[in-house]
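Those protein sequence lines, which keep their order, are chains E and D.
Counting in our numbering, the first sequence runs from 10 upward without gaps.
Counting in our numbering, the second sequence runs from 10 upward without gaps.
For every residue, glycine included, the Cβ atom is placed at its ideal position computed from N, Cα and C.
2 protein chains.
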Amino acid sequence: MKRKEEPRMPRMGTSRESRYGVRSLADTRGGVVFRPIGVIRSEHTAAKKTPIQPVFAAGCRGRAIVRREFAAAMKDLEGFSHVHLLYFFHKAKGSKLLVKPFLQDVDRGVFATRAPCRPNAIGLSVVRLIRRTGNVLHLEGVDMLDGAPLLDIKPYVGRFDRIEGSRSGWQEDVDDRTARRRGRRGYRKGRKSR
Amino acid sequence: MKRKEEPRMPRMGTSRESRYGVRSLADTRGGVVFRPIGVIRSEHTAAKKTPIQPVFAAGCRGRAIVRREFAAAMKDLEGFSHVHLLYFFHKAKGSKLLVKPFLQDVDRGVFATRAPCRPNAIGLSVVRLIRRTGNVLHLEGVDMLDGAPLLDIKPYVGRFDRIEGSRSGWQEDVDDRTARRRGRRGYRKGRKSR
Numbered sequence: 010m011k012r013k014e015e016p017r018m019p020r021m022g023t024s025r026e027s028r029y030g031v032r033s034l035a036d037t038r039g040g041v042v043f044r045p046i047g048v049i050r051s052e053h054t055a056a057k058k059t060p061i062q063p064v065f066a067a068g069c070r071g072r073a074i075v076r077r078e079f080a081a082a083m084k085d086l087e088g089f090s091h092v093h094l095l096y097f098f099h100k101a102k103g104s105k106l107l108v109k110p111f112l113q114d115v116d117r118g119v120f121a122t123r124a125p126c127r128p129n130a131i132g133l134s135v136v137r138l139i140r141r142t143g144n145v146l147h148l149e150g151v152d153m154l155d156g157a158p159l160l161d162i163k164p165y166v167g168r169f170d171r172i173e174g175s176r177s178g179w180q181e182d183v184d185d186r187t188a189r190r191r192g193r194r195g196y197r198k199g200r201k202s203r
Numbered sequence: 010m011k012r013k014e015e016p017r018m019p020r021m022g023t024s025r026e027s028r029y030g031v032r033s034l035a036d037t038r039g040g041v042v043f044r045p046i047g048v049i050r051s052e053h054t055a056a057k058k059t060p061i062q063p064v065f066a067a068g069c070r071g072r073a074i075v076r077r078e079f080a081a082a083m084k085d086l087e088g089f090s091h092v093h094l095l096y097f098f099h100k101a102k103g104s105k106l107l108v109k110p111f112l113q114d115v116d117r118g119v120f121a122t123r124a125p126c127r128p129n130a131i132g133l134s135v136v137r138l139i140r141r142t143g144n145v146l147h148l149e150g151v152d153m154l155d156g157a158p159l160l161d162i163k164p165y166v167g168r169f170d171r172i173e174g175s176r177s178g179w180q181e182d183v184d185d186r187t188a189r190r191r192g193r194r195g196y197r198k199g200r201k202s203r
């Protein structure tokens, strides 16, 4: 238990792609390739002015536009009030191990934060789904930068995703008022710059 | 509004990698490369016998072993009772647009499910963090296959992630008892095969 373990990564033959039909490199140690399924459209064009989480982006509308080839995969999404969006932090400037989160001026391990500058710059947001029109999701609570490549959409399922009585580490040191002020980063509903 | 929109994907020059310091292809239309940060160790070795969500894997222990180069990024994670794990569904056999979910015998759009056979085979689970020892997270509620390449760790923050009064579409047609029976897929605490 005391010794430091090093993860042994799965070794896969070069036949991987044909065997599983997924778009990936032959060996995950070299990386896994994901192709965007669409793009995010939002009013946020400057990273520094973008709310850091949907909860701080109340009233902020946006869209997820999915490639037509995947439109059929969006069937039944309209029954869900909220969805998880996975997307690429396409403006992230490299990765750091320690980062001062937006909500607090203390260095934290980047995996204990939701900051973009992570080893794999994948963003996760839970946004409200207003409606679906074909291959477009109309969203509220959008904290994503305009143009962010969309990687996946998953329904938010209360039964799986609503954890009661969770403990939130350093986040609990940040009072709600400070969190709201710093989390919004200047964004106010109806006070858009355009 | 009626016409079908096709997402315009961000075009990026070949200098992208050096500009942002992230490991990605020059152009996201060709795909984004993510390198696993570690690996999942669990008792689940057969996809067909693996619980489909942490809520159906109560009592099931496992570990996330992170590459030593990223160990420092795990600082402060121990303050959180739950974490989101993003991982690669490395055994997924290709992607489908429509899929019969494990909980229901009706074809659903794959983005309205959490099924592995998605265009980008990225898994998302909220698991309980028991403790951290160095670069290893000890977890409970593990629904991941042994050997799954880990892509990211994010804290579960009640303030961001606990949505009250969400509506869960077709999932609400599945009663709790059926969900538990079908979601566990034979897994019972203490009835491990080893």
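Taking the straight line between their C-alpha atoms, what separation do you get for residue i and residue j?
{"i": "E/Gly22", "j": "D/Lys102", "result": "Bear in mind that a pLDDT of 34 at E/Gly22, under 50, signals an unreliable position, so the number given afterwards is only what the model happens to contain. Rounded to whole angstroms, E/Gly22 to D/Lys102 spans 15 Å at the Cα level."}
{"i": "E/Arg191", "j": "E/Phe111", "result": "7 Å"}
{"i": "D/Arg50", "j": "D/Leu160", "result": "14 Å"}
{"i": "E/Val119", "j": "E/Tyr196", "result": "24 Å"}
{"i": "E/Phe43", "j": "D/Leu146", "result": "26 Å"}
{"i": "E/Arg140", "j": "D/Asp85", "result": "38 Å"}
{"i": "D/Gly47", "j": "D/Ile74", "result": "5 Å"}
{"i": "E/Val136", "j": "D/Gly156", "result": "31 Å"}
{"i": "D/Val64", "j": "D/Pro158", "result": "21 Å"}
{"i": "D/Val183", "j": "E/Leu94", "result": "24 Å"}
{"i": "D/Thr187", "j": "E/Arg168", "result": "13 Å"}
{"i": "E/Arg32", "j": "E/Asp185", "result": "Confidence at E/Arg32 is low in this model, with a pLDDT of 36, below 50, so the placement of that residue should be treated as unreliable; the coordinate-derived value is given next. Taking the straight line joining both Cα atoms gives about 42 Å."}
{"i": "E/Glu15", "j": "E/Glu87", "result": "43 Å"}
For residue i, which residues in the same chain have their Cβ closer than 8 Å to its Cβ, ignoring the five residues on either side in sequence?
{"i": "D/Gln62", "result": "Arg123, Ser134, Asp152, Gly192"}
{"i": "E/Ala121", "result": "Gly178, Trp179"}
{"i": "D/Pro60", "result": "His53, Ala66, Cys69, Asp152, Gly192, Arg193, Arg194, Tyr196"}
{"i": "E/Val115", "result": "Lys109, Trp179"}
Can you name the residues that DSSP bridges to residue i?
{"i": "D/Thr142", "result": "D/Val145"}
{"i": "E/Gly71", "result": "E/Ser51, E/Leu148"}
{"i": "E/Leu108", "result": "Per the sequence shown, residue 108 of chain E should be read as Val rather than Leu. Paired residue(s): E/Arg117."}
{"i": "D/Ser177", "result": "E/Phe89"}
{"i": "E/Ile131", "result": "E/Phe97"}
Where do the ends of the beta strand (DSSP E) carrying residue i lie?
{"i": "E/Ala188", "result": "Segment 185-193 is the alpha helix (DSSP H) holding E/Ala188; no beta strand (DSSP E) there."}
{"i": "E/Phe205", "result": "Outside the shown range of chain E (10 to 203) lies residue 205 of chain E, about which nothing can therefore be said."}
{"i": "E/Asp170", "result": "Premise fails: E/Asp170 lies in the alpha helix (DSSP H), 167-170, not in any beta strand (DSSP E)."}
{"i": "E/Pro205", "result": "Any property of residue 205 of chain E remains undetermined from this structure, which presents chain E solely from 10 to 203."}
{"i": "D/Val92", "result": "91-97"}
On the three-state DSSP scale, how would you describe residue i?
{"i": "D/Leu86", "result": "helix"}
{"i": "D/Ser33", "result": "Since pLDDT at D/Ser33 reaches only 37, below the 50 mark, its modelled position is unreliable, and no value is offered."}
{"i": "D/Gly103", "result": "coil"}
{"i": "D/Arg137", "result": "strand"}
{"i": "D/Pro63", "result": "helix"}
{"i": "D/Asp182", "result": "helix"}
{"i": "D/Ala124", "result": "coil"}
{"i": "E/Glu78", "result": "helix"}
{"i": "D/Tyr196", "result": "coil"}
Take residue i and list the residues in its own chain whose beta-carbon comes closer than 7 Å to its own, dropping the five residues that flank it on each side.
{"i": "E/Phe214", "result": "Outside the shown range of chain E (10 to 203) lies residue 214 of chain E, about which nothing can therefore be said."}
{"i": "E/Lys58", "result": "Arg194, Gly195, Tyr196"}
{"i": "D/Cys126", "result": "Ala101, Lys102, Gly103, Ser104, Lys105, Val108, Val119"}
{"i": "E/Arg77", "result": "Asn144"}
{"i": "E/Ala56", "result": "Lys100, Leu154"}
{"i": "E/Arg72", "result": "Arg50, Val145, Leu146, His147, Leu148"}
{"i": "D/Asn129", "result": "none"}
{"i": "E/Met83", "result": "Val75, Arg141, Asn144"}
Near residue i, what residues of its chain come up, given a Cβ to Cβ distance below 6 Å and the 5 sequence neighbours on each side ignored?
{"i": "D/Gly132", "result": "Tyr96, Phe98"}
{"i": "E/Ala81", "result": "none"}
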